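Working notes, structure below.
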Amino acid sequence: MIRVAVLGAGRIGQIHAANVAANPRAQLVAVVDPVESSADALAAKLNCEASIDAAATIARSDVDAVVIGTPSDTHAHLMLLAARAGKAVLCEKPVDNDLGKADAAVAELKQLSAKVMMAFNRRFDPSNIELRRAIDAGEIGDVRQVIITSRDPGLPPRDYVAHSGGIFRDMAIHDFDMARFLLGEEPTEVYAKASRVVNKALMEEFNDYDTLMVVMQTASGKQCHINCCREAVYGYDQRFEILGSTGMLMNDNLRPSTVRRYNANETEALQPLLNFFLQRYTDAYRNELDAFLKALQEGTPMPTSPWDGRQALRLAEAAIESVVTGRAVKV
Numbered sequence: 032m033i034r035v036a037v038l039g040a041g042r043i044g045q046i047h048a049a050n051v052a053a054n055p056r057a058q059l060v061a062v063v064d065p066v067e068s069s070a071d072a073l074a075a076k077l078n079c080e081a082s083i084d085a086a087a088t089i090a091r092s093d094v095d096a097v098v099i100g101t102p103s104d105t106h107a108h109l110m111l112l113a114a115r116a117g118k119a120v121l122c123e124k125p126v127d128n129d130l131g132k133a134d135a136a137v138a139e140l141k142q143l144s145a146k147v148m149m150a151f152n153r154r155f156d157p158s159n160i161e162l163r164r165a166i167d168a169g170e171i172g173d174v175r176q177v178i179i180t181s182r183d184p185g186l187p188p189r190d191y192v193a194h195s196g197g198i199f200r201d202m203a204i205h206d207f208d209m210a211r212f213l214l215g216e217e218p219t220e221v222y223a224k225a226s227r228v229v230n231k232a233l234m235e236e237f238n239d240y241d242t243l244m245v246v247m248q249t250a251s252g253k254q255c256h257i258n259c260c261r262e263a264v265y266g267y268d269q270r271f272e273i274l275g276s277t278g279m280l281m282n283d284n285l286r287p288s289t290v291r292r293y294n295a296n297e298t299e300a301l302q303p304l305l306n307f308f309l310q311r312y313t314d315a316y317r318n319e320l321d322a323f324l325k326a327l328q329e330g331t332p333m334p335t336s337p338w339d340g341r342q343a344l345r346l347a348e349a350a351i352e353s354v355v356t357g358r359a360v361k362v
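Heads up, this note's numbering is the position in the sequence shown plus 31, with the first residue counted as 1.
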């Protein structure tokens, strides 16, 4: 039984804490949040201790591992704090909003031989696992192109935007990681365009964007196209297409039901898409946590590493540079 503390009692922290509490490999010891009422409410719901002090909780002798679901700009600090204390870590993306800090953290974590896993949950979605399995089995021959569509149903709260690090580091970073995961190679060139068409005033206030497109290419010529938007009025839009030399794979959106309706006014009528990532990736979050706990119990390598987090962040930084300069950026 692995004794776990969850840092963060916001929407991601709540998901992680509930999954820890429900996992037979783990015991949820405590939840931590600087907002005491949030920590207390979640702890009461899940029958564990509450705290406002992350450092003190990490240092506890009855905590073997921590799950970090705090704001992005706290990740590197908390990962290092836990690793120095000899604790295993499952950390939400990114490593940090700053690439220099991320590089320093990755280097120290390697020196410490820390057991750290980056929480790129989409790799653990059952459908995406099947995509990777089919590619590895040679079902579509050599991968040539990956196309990723990723659109949220609406803008996040203003306070979230303020601390997110921007759409490239926050939202699209999942897509940069999935590009690496599906291409099987590192992109070496990035070209991006971004605009403010959903809420221009809010995006200008934080020097951010709400709509983007990215084109990437690997050294061997494989290509990836990513398009993201903070608002899709029809729901949470998550699609993948992988073109190979002998075929194609597609992963479409999930819906509450696959029933299609036909009548005099419409054909192929379907239920709306799932509302948000918390519904779309419920299984992925559970699988991700279980993979982390299983690796700890069996002493096997973590499925995703701080280096994976660093590489996704490097692609995000290259995309931002491309938007600013109007040129493709070598990685």
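C-beta atoms are modelled at their ideal positions from N, C-alpha and C, and glycine is treated no differently. In this text the structure is predicted, and so the values were computed from the model without any measurement.
Contact set for residue i: own chain, Cβ-Cβ below 7 angstroms, skip 5 residues either direction
{"i": "Pro65", "result": "Ile83"}
{"i": "Ala347", "result": "Phe199, Arg200, Ala203, Ile204, Phe207"}
{"i": "Trp338", "result": "Val137"}
{"i": "Arg317", "result": "Asn50"}
{"i": "Ser226", "result": "Tyr240, Thr242"}
{"i": "Leu344", "result": "Pro125, Val126, Leu130, Ala133, Arg200, Ile204"}
{"i": "Leu327", "result": "Ile33, Ala96, Ala119, Lys146"}
{"i": "Thr249", "result": "Leu214, Glu216, Glu217, Pro218, Thr219"}
Through-space distance from residue j to residue i, alpha-carbon basis
{"i": "Ala48", "j": "Gly41", "result": "10 angstroms"}
{"i": "Leu140", "j": "Ile204", "result": "21 angstroms"}
{"i": "Ala53", "j": "Leu121", "result": "16 angstroms"}
{"i": "Ala315", "j": "Arg164", "result": "16 angstroms"}
{"i": "Ile258", "j": "Tyr312", "result": "The residue you asked about is not Ile; residue 258 is Asn in the sequence shown. One C-alpha to the other measures close to 19 angstroms."}
{"i": "Asp156", "j": "Gln254", "result": "23 angstroms"}
{"i": "Glu272", "j": "Met281", "result": "4 angstroms"}
{"i": "Met110", "j": "Asp190", "result": "23 angstroms"}
{"i": "Val97", "j": "Glu297", "result": "51 angstroms"}
{"i": "Phe212", "j": "Pro334", "result": "11 angstroms"}
{"i": "Asp104", "j": "Met209", "result": "22 angstroms"}
{"i": "Leu59", "j": "Met149", "result": "19 angstroms"}
{"i": "Ala107", "j": "Ile43", "result": "17 angstroms"}
{"i": "Pro303", "j": "Gln45", "result": "25 angstroms"}
Close Cβ partners of residue i (< 8 angstroms) along its chain, the five nearest in sequence each way excluded
{"i": "Val63", "result": "Ala36, Val37, Leu38, Gly39, Ala40, Ala70, Ala81, Ser82, Ile83, Asp84, Ala85, Thr88"}
{"i": "Ala193", "result": "Phe237"}
{"i": "Ile166", "result": "Val174, Leu213, Gly215, Ile273, Gly275, Leu280"}
As assigned by DSSP and simplified to three states, the class of residue i
{"i": "Leu344", "result": "helix"}
{"i": "Leu109", "result": "helix"}
{"i": "Lys253", "result": "coil"}
{"i": "Glu217", "result": "coil"}
{"i": "Tyr191", "result": "helix"}
{"i": "Thr242", "result": "strand"}
{"i": "Tyr222", "result": "strand"}
{"i": "Ile179", "result": "strand"}
{"i": "Gly275", "result": "strand"}
{"i": "Val355", "result": "helix"}
{"i": "Ala171", "result": "Here the sequence assigns Ile to residue 171, which means Ala is not the residue at that position. If DSSP states are grouped into helix, strand and coil, Ile171 belongs with coil."}
{"i": "Ser82", "result": "strand"}
Close Cβ partners of residue i (< 6 angstroms) along its chain, the five nearest in sequence each way excluded
{"i": "Ala114", "result": "Leu140, Leu143, Ala145"}
{"i": "Tyr222", "result": "Val246, Ser353, Ala359"}
Whether or not the stretch 169-180 and the stretch 322-331 are in contact is what I'm after, with contact meaning three or more pairs of Cβ atoms, one per stretch, closer than 8 angstroms; do they touch? Below 8 angstroms, too few C-beta pairs join the stretch 322-331 and the stretch 169-180 to call them touching: fewer than three.
Below 8 angstroms, can you find three or more Cβ-Cβ pairs linking the stretch 110-129 to the stretch 181-192? A contact between stretches requires three or more CB pairs, one per stretch, nearer than 8 angstroms, and the stretch 110-129 fails this requirement with the stretch 181-192.
Say whether the stretch 143-157 touches the stretch 224-237, bearing in mind that this needs 3 or more beta-carbon pairs closer than 8 angstroms, one atom from each stretch. Fewer than three Cβ pairs drawn from the stretch 143-157 and the stretch 224-237 lie within less than 8 angstroms of each other, which leaves the two stretches out of contact.
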